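S.K.:
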Amino acid sequence: MTTMFIDPVCGMTVKPESPHETVLEGVTHRFCSAKCKAKFEADPARYLAPKPEPEPVSEEEQQREYTCPMHPEVRQFGPGDCPKCGMALEPMVPDIEASEDNSEYLDFRRRFWGSLPLSVVVTVLAMAGHYFESLSAANRTWLELVLSAPVVLWAGAPFFVRGWKSLVTRSPNMWTLISIGTGAAFLYSLVAALAPGLFPASFESHGRIGVYFEAAAVIISLTLLGQMLELSARSQTSAAIKSLLGLAPKTARRINADGSEEDVPLNHVHVGDLLRVRPGEKVPVDGSVVEGRSTVDESMLTGEPIPVSKEAQDKVIGATLNGSGSLVIRSESVGSHTVLAQIIQMVAQAQRSKAPMQRLADVVAGYFVVAVVSIALLSLLGWGFFGGERGWLFGIISAVSVLIIACPCALGLATPMAIMVATGKAATQGILFRDAAAIERMREIDTIIVDKTGTLTEGHPAFEQVIPVTGITGDEVLRLAASLDLGSEHPLADAIVRAAKEKNLTLEKAENFESSSGIGVHGQVGGRRLSLGNSTLMVQENIDLSPLVGQAEELRRTGASVMYLAANGLLVGLLAVSDPIKASTPEALKMLKDAGIRVVMATGDGELTAKAVGQRLGIDEVHGEVKPADKLALVERLQSEGRVVAMAGDGINDAPALARADVGVAMGTGTDVAMNSAQVTLVKGDLRGIARAQAISRATVRNMRQNLWFAFAYNALGIPIAAGLLYPFFGLVLSPMIAAAAMSLSSVSVVGNSLRLKGA
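Note that the sequence shown covers residues 1 to 760 in the UniProt record's numbering.
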């Protein structure tokens, strides 16, 4: 097993070749950065205290890089916990063979369901316990203590660990607030239960000193529920990469030097190997054709809806689907060097390059924590030194009141409640938001890159029109072509046959059918020898194309694919097949332009086709023949210009750009990979949903800001009173009981305001 080192300062795993090292008493210590090395050298004893031995990990796990979903700058080889927030690290690129590690989710689920009944009972006792005449006030306090202790000490243990780590690393966050708030409520209540005589009579209610076990327990249970929902959502982030990994075949058929053939695992294929790709199989790796002819469906990677003909010397891409012919290819790129592997790497890097979702509450959480703790300490010291005989007692009570009223109930609900209502409203309109970050960012979009195939267009070939030569009808040309194409499996042939059947034309079975892969087909129908294909086939057959050459060029300029039909050596007509534009596309583009959004089209189709479609739709900026890396580069270029970019697409070739864009928008009619890479999915594949999504985004962010105002307003008003600032002037002190009531009222305000989004 490869030797790995642990940074004694931050706890991250360090490679042996790390340049940051120091030798102390003959022992070499390695660090992840120069900063950690400097801290260690300044105070070695602090970092050399005995620590628990880390769990052993396999060599395979050690070679996989892990990162924190909330702090992407934290990276290490092998699993572990984030040294900043304590969250479980997840692999940068998931392994499709390995079972998903959902231990953290299962742990939180167990803690939630174990704590929920106890939290409910404690809350009922706190709110209505005085109605139970057989239960004395003292016994009620002890019962609440017994029921809440497992919730706080066991179920809430991970949150206290994270809160402690946030203090140690000087990174105050929501975990700091939760741990301080619940800890203060529980400890205060514990003292009130054990030594009620320490408290003044004014803190007595219903025959006992007010305790807040229910506040601590409910906050823990609600936080566990929120973490379960978050972990469930996070597990979807790896779905795109797993979908891509699943595209590659598991084996390849290798041709040995002696001519024998065998199926071998894909990782046993080397550069230079000869591989056979049989009809209907996936191409195993990138390479070039040595012999054979076929058509290969590359739409999953290039976006081009029409299969590409392949023959000797042509390049093929791994994971694309071979048609009806057999190919022998020579492997040229294997493993991490294939196009598919590079797309996977781009998707992974693009997903991690974005900052983790930072709710608006987290932006101010660090400052809020410092302010609350500072006020609590000032209250304690102020009362203690200047409050007279019982000053220190009042100081403790005031400090605890400050911490209780600052407990982030409303703060924790402010954004999740708004997001919950907004996502439900959006779903009824066919818009699926993956997370809060997408909703927050959607309103800022000023540029959108749209793919052509499957986004602006239907994504599959459809018959457009037939142009006959003089002396024959268009229906007869379509009937003859469809009869001949009954023996073909090409998607263009399927479009022609489908069009003939829709017109109820009588089709005949072709005789002596032959396919010239990539250029057309031959056969006999009704005693006539027919040839149907592109201009290359017609040239080989010495067919004069001059009667229709002008119409053919015009059709090509509109983005159509043209096929000629010849009968007994004479041209009888041409047929045009194209990828039709969605009926909703023109209106959608108008809505986007009216909203001031710049529209850019980027497609893997040829320049001529791309520009033709762009001209028809009024799109000024068009990029054709772009590869997945080119789309990704286009997104990054626009972002570097200060644009907030959305990417709308439906194919695997769009995945890296969808992941890298500020907001990725996938068509629900497209591939799973695209939907897993995007933050927004339009269920019906209707681009008009983008304008609707923006409207929902604006309303939701406005609602979240209102919620945060409610949450902080109660704190801003209550904390000074809890600290005792009004006591010298009005004799007014905010007891912890009133602090808890104010905390609850702020939560009710947040929930009520969020529900208004339903009618927005």
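Yeah, the Cβ is synthetic: ideal placement off N, Cα and C, and Gly gets one too.
From a predicted model like this one, the values you see are computed outputs, not experimental measurements.
Could you give the first and the last residue of the continuous beta strand (DSSP E) run that contains Tyr66?
M.R.: Taking the first residue of the sequence shown as 1, we reach residue 66 at position 66. Counting along the chain, the beta strand (DSSP E) containing Tyr66 begins and ends at 65-67.
S.K.: Taking the straight line between their C-alpha atoms, what separation do you get for Val701 and Glu444?
M.R.: In the sequence shown, counting from the first residue as 1, residue 701 sits at position 701. In the sequence shown, counting from the first residue as 1, residue 444 sits at position 444. Approximately 11 Å, taken between the alpha carbons.
S.K.: Under a three-way DSSP split, which group does Ile448 fall into?
M.R.: As a position in the sequence shown, residue 448 is number 448, starting the count at 1. Note: Ile448 maps to strand in three-state DSSP.
S.K.: In terms of residue numbering, what span does the beta strand (DSSP E) encompassing Tyr564 cover?
M.R.: Numbered from its first residue, the sequence shown carries residue 564 at position 564. Segment 561-567, the beta strand (DSSP E) holding Tyr564.
S.K.: At the level of alpha carbons, what is the spacing between Leu167 and Val373?
M.R.: One-based indexing of the sequence shown puts residue 167 at position 167. One-based indexing of the sequence shown puts residue 373 at position 373. One C-alpha to the other measures close to 12 Å.
S.K.: Does DSSP put Asp297 in a helix, a strand or coil?
M.R.: Position 297 of the sequence shown, counted from the start, is the residue given in the question as residue 297. Looking at Asp297 - three-state DSSP - the assignment turns out to be strand.
S.K.: Using the beta-carbon count (16 or more within 10 Å), is Leu570 buried or exposed?
M.R.: Locating residue 570 in the sequence shown gives position 570, counting from the first residue. Classification for Leu570: exposed.
S.K.: Whose C-alpha, out of Val645, Gln76, Gly207, Leu381, is nearest the C-alpha of residue 762?
M.R.: In the structure as shown, the chain starts at 1 and stops at 760, and residue 762 therefore has no counterpart that could be examined.
S.K.: Which value, in whole angstroms, describes the spacing of the CA atoms of Leu153 and Phe159?
M.R.: In the sequence shown, residue 153 corresponds to position 153, counting from 1. In the sequence shown, residue 159 corresponds to position 159, counting from 1. About 10 Å.
S.K.: Roughly how many whole angstroms lie between the Cα atoms of Val161 and Gly596?
M.R.: Position 161 of the sequence shown, counting from 1, holds the residue named residue 161. Position 596 of the sequence shown, counting from 1, holds the residue named residue 596. So the two alpha carbons sit approximately 48 Å from each other.
S.K.: How about Gly325 and Ser294: do their beta carbons lie closer than 7 Å?
M.R.: Position 325 of the sequence shown, counting from 1, holds the residue named residue 325. Position 294 of the sequence shown, counting from 1, holds the residue named residue 294. Yes, they are a contact pair.
S.K.: Could you check if Ala185 is buried or exposed, using at least 16 other CB atoms within 10 Å of its CB as the buried criterion?
M.R.: The residue given as residue 185 occupies position 185 in the sequence shown. Answer is buried; the Cβ neighbour count reaches 16.
S.K.: Pop quiz: Leu565 and Leu555 are said to be a contact at Cβ under 8 Å. What is the actual Cβ separation, rounded to whole angstroms?
M.R.: The count along the sequence shown starts at 1 and reaches residue 565 at position 565. The count along the sequence shown starts at 1 and reaches residue 555 at position 555. Not a contact, Cβ separation roughly 14 Å.
S.K.: What three-state label does DSSP hand Val626 in the structure shown?
M.R.: If you number the sequence shown from 1, residue 626 lands on position 626. Val626 falls in the coil class under three-state DSSP.
S.K.: Among Gly181, Val521, Thr473, Gln465, which has the Cα closest to the Cα of Arg498?
M.R.: If you number the sequence shown from 1, residue 498 lands on position 498. When only C-alpha atoms are compared, the closest one is Gln465.
S.K.: With a Cβ-Cβ cutoff of 7 Å, do Ala567 and Arg528 count as a contact?
M.R.: Locating residue 567 in the sequence shown gives position 567, where the first residue counts as 1. Locating residue 528 in the sequence shown gives position 528, where the first residue counts as 1. Yes, the pair counts as a contact, with Cβ atoms nearer than the cut-off.
S.K.: Can you tell me whether DSSP reads Asn512 as helix, strand or coil?
M.R.: One-based indexing of the sequence shown puts residue 512 at position 512. Asn512: strand per DSSP, three-state reduction.
S.K.: Judging by CA-CA distance, which residue of Val146, Ala137, Ser189, Gly523 is the nearest neighbour of Val121?
M.R.: For the purposes of this step, residue 121 is identified with residue 121 of the sequence shown, where counting begins at 1. When each option's Cα is compared against that of Val121, the closest is Val146.
S.K.: Taking buried to mean at least 16 other C-beta atoms within 10 Å of its own C-beta, is Phe368 buried or exposed?
M.R.: In the sequence shown, the residue the question calls residue 368 occupies position 368. Classification for Phe368: buried.
S.K.: DSSP beta-bridge partners for Thr22?
M.R.: In the sequence shown, residue 22 corresponds to position 22, counting from 1. Thr22 is bridged to His29.
S.K.: To the nearest angstrom, report how far apart Thr432 and Phe730 are at their CA atoms.
M.R.: By one-based count along the sequence shown, residue 432 stands at place 432. By one-based count along the sequence shown, residue 730 stands at place 730. Thr is not the amino acid found at residue 432; the sequence shown has Leu there. One C-alpha to the other measures close to 53 Å.
S.K.: Can you tell me whether Val680 is buried or exposed? The criterion is at least 16 other CB atoms within 10 Å of its CB, across all chains shown.
M.R.: Position 680 of the sequence shown holds residue 680. Label assigned to Val680: buried.
S.K.: My understanding is that Arg208 touches Ala137, with C-beta atoms under 8 Å, so please give their C-beta distance in whole angstroms.
M.R.: Counting from one through the sequence shown, the residue named residue 208 turns up at place 208. Counting from one through the sequence shown, the residue named residue 137 turns up at place 137. Contact holds; Cβ gap of about 4 Å.
S.K.: If you count every other CB in all the chains shown that lies within 10 Å of the CB of Ala657, and 16 or more means buried, which is it?
M.R.: For the purposes of this step, residue 657 is taken as residue 657 along the sequence shown, with counting starting at 1. Ala657 is buried by the Cβ-count criterion.
S.K.: Using the DSSP secondary-structure output, state which residues sit across from Glu204 in a beta bridge.
M.R.: Here residue 204 corresponds to residue number 204 of the sequence shown, with the count starting at 1. According to DSSP, which records beta bridges pairwise, Glu204 is partnered with Ile209.
S.K.: Decide if the region 623-640 is in contact with the region 605-615; the criterion is three or more beta carbon pairs, one per stretch, under 8 Å apart.
M.R.: Touching, yes, given that three or more Cβ pairs across the two stretches are closer than 8 Å.
S.K.: If the criterion is Cβ atoms closer than 7 Å, does the pair Thr320 and Val296 meet it?
M.R.: As a working mapping, residue 320 is identified with position 320 in the sequence shown. As a working mapping, residue 296 is identified with position 296 in the sequence shown. Contact: yes.
S.K.: Which same chain residues, not among the five before or five after Ser221, have their C-beta less than 8 Å away from its C-beta?
M.R.: Locating residue 221 in the sequence shown gives position 221, where the first residue counts as 1. Answer for Ser221: Phe112, Ser115, Leu116, Ser119, Val151, Ala155, listed in chain order.
S.K.: Within this structure, are the beta carbons of Val328 and Glu291 separated by less than 7 Å?
M.R.: Taking the sequence shown and counting its residues from 1, the one referred to as residue 328 is at position 328. Taking the sequence shown and counting its residues from 1, the one referred to as residue 291 is at position 291. Taking 7 Å as the Cβ cut-off, Val328 and Glu291 qualify as a contacting pair.
S.K.: On the CB-based measure, 16 or more other CB atoms within 10 Å of its CB, does Arg140 come out buried or exposed?
M.R.: Here residue 140 is taken as the residue at index 140 of the sequence shown, counted from 1. Buried: at least 16 other Cβ atoms inside 10 Å.
S.K.: Since Ala192 and Val211 are thought to touch, with beta carbons under 8 Å apart, how far apart are those beta carbons, to the nearest angstrom?
M.R.: By one-based count along the sequence shown, residue 192 stands at place 192. By one-based count along the sequence shown, residue 211 stands at place 211. Going by Cβ atoms, the distance from Ala192 to Val211 rounds to 5 Å, so yes, they are a contact pair.
S.K.: Starting from Gln465, trace the alpha helix (DSSP H) both ways and give me its first and last residue.
M.R.: In the sequence shown, the residue the question calls residue 465 occupies position 465. No alpha helix (DSSP H) holds Gln465; the beta strand (DSSP E) holding it covers 462-468.
S.K.: On the three-state DSSP scale, how would you describe Glu440?
M.R.: As a first step, residue 440 must be located in the sequence shown, where it is residue number 440. Helix, per DSSP.
S.K.: Just to confirm my understanding: we take Asp475, look at its own chain, exclude 5 residues before and 5 after, and list those with CB closer than 7 Å. What are they?
M.R.: By 1-based counting over the sequence shown, the position of residue 475 is 475. Here the set comprises Lys503, Leu505.
S.K.: Please name the residue in Cys36, Phe40, Val14, Ser18 whose C-alpha comes closest to that of Leu24.
M.R.: Within the sequence shown, numbered from 1, the residue matching residue 24 stands at position 24. Residue Phe40 is the option with its Cα nearest to Leu24.
S.K.: Assign Ser640 to one of two classes, buried (16 or more other C-beta atoms within 10 Å of its C-beta) or exposed (fewer than that).
M.R.: Position 640 of the sequence shown, counted from the first residue, corresponds to residue 640. Classification of Ser640: exposed, given that the 10 Å Cβ count is below 16.
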